[in-house]
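For reference, the structure is listed below as structure tokens.
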Amino acid sequence: MHTIFVTGTAGSGKSLLTARLLEWYSSNEVTPISINLDPGVSKLQYDPDIDVREFIDFYSIMDEYNLGPNGSLILANDLISTKIEEIQNQVQELNPDYVIIDTPGQIELFVFRSSGPYFISNFYSDTKVTLFTMDGTLAISPISFVSLLFLSQSIKLRLGIPQINVLTKRDKIIEKLPEILKWSNSMIPLLNSLNLEKDTEQSLLSKDIIKTLYKSGNVLSPIAMSNITMSGMVNLSAALSRILTHGEEEHKDES
């Protein structure tokens, strides 16, 4: 069993990417399932096979502990790790090849508190990988692009498993995409673009950050992906295969 954790900032396309991955693997003769780990989400782009909202009621938490929406979200996300056994039991009953886990939209509550790393560390799976969704409409600015790379590295450090960066909304940034890909593949074009920024202080800080990331060898070039047209899915699938199955596509044995 292979597990894909889909992370990213709110509105970056996590849920839609989860839906597309389900479609992709289902069409390739393997059995995927989805898990929604966001206790506060009201609407999803897919019908989850396992839903944390069955175990954690966001609105009941508000009433029981007399908390506002933000306080309830914090407590609800902290409770995720206490439900790992129930979720794992449901996964075992379904016996999938791939588990695609849609993590909470408030990434800071999942990744930077203890619940998220605990869940990822203790969730049983043969192999695991994180997808970090980088909102393409934010990445068109060199300073914002550096910020997303820095956040990506922070998540990788916190979760401690292999990671793939996915540049989402490819179809919305098609004219800017060649330049963004140049920034991804070489430090020099990115530094040149940062030199053109009007905010000198932000530009200098961004250059220091990107130089450090390149020097450490920790720049993960993103795979450009459109959740609407599925453009880029072949590249993403290949990257996932290299990590999860060592490049070998998995197919269900026919009996």
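The opening position of the sequence shown corresponds to residue 19 in the numbering used here, with each subsequent residue numbered one higher. Note that beta-carbon positions come from the ideal geometry of N, C-alpha and C, so glycine has one too. All values reported here derive from a predicted model rather than from experimental measurement.
Could you give the residue range of the alpha helix (DSSP H) that holds residue i?
| i | result |
| --- | --- |
| S8 | Since the first residue of the chain shown is 19 and the last is 273, residue 8 is not available in this structure. |
| V129 | I125 to V129 |
| K225 | T218 to S234 |
| L199 | L195 to N203 |
| S139 | S133 to N140 |
In whole angstroms, what separates the C-alpha of residue i from that of residue j?
| i | j | result |
| --- | --- | --- |
| V70 | N95 | 10 Å |
| T21 | K216 | 43 Å |
| A274 | I179 | Not covered by the structure: residue 274. The range shown for the chain is 19 to 273. |
| I105 | Y142 | 11 Å |
| P50 | L214 | 46 Å |
| I198 | M152 | 12 Å |
| I138 | L177 | 7 Å |
| I79 | K225 | 44 Å |
| L262 | A37 | 19 Å |
| Q108 | H264 | 27 Å |
| Q124 | P135 | 14 Å |
| L127 | I119 | 16 Å |
Provide the residue span of the beta strand (DSSP E) that contains residue i, from first to last.
| i | result |
| --- | --- |
| T25 | H20 to G26 |
| L149 | T145 to D153 |
| V252 | Here V252 belongs to no beta strand (DSSP E); instead the alpha helix (DSSP H) covers M251 to L262. |
| I182 | Q181 to T186 |
For residue i, count neighbouring Cβ atoms within 10 angstroms of its own Cβ and tell me buried if that reaches 16, exposed if not.
| i | result |
| --- | --- |
| A28 | exposed |
| L222 | exposed |
| L112 | exposed |
| I191 | buried |
| P196 | exposed |
| T230 | exposed |
| T100 | exposed |
| S33 | buried |
| T25 | buried |
| S90 | buried |
| K187 | buried |
Three-state secondary structure (DSSP) at residue i?
| i | result |
| --- | --- |
| Y116 | strand |
| L156 | coil |
| N245 | coil |
| F191 | Phe is not the amino acid found at residue 191; the sequence shown has Ile there. The answer is coil: DSSP assigns I191 none of H, G, I, E or B. |
Secondary structure, beta strand (DSSP E): runs of 3+ residues fully inside the stretch 23-102
Runs found: 50-54.
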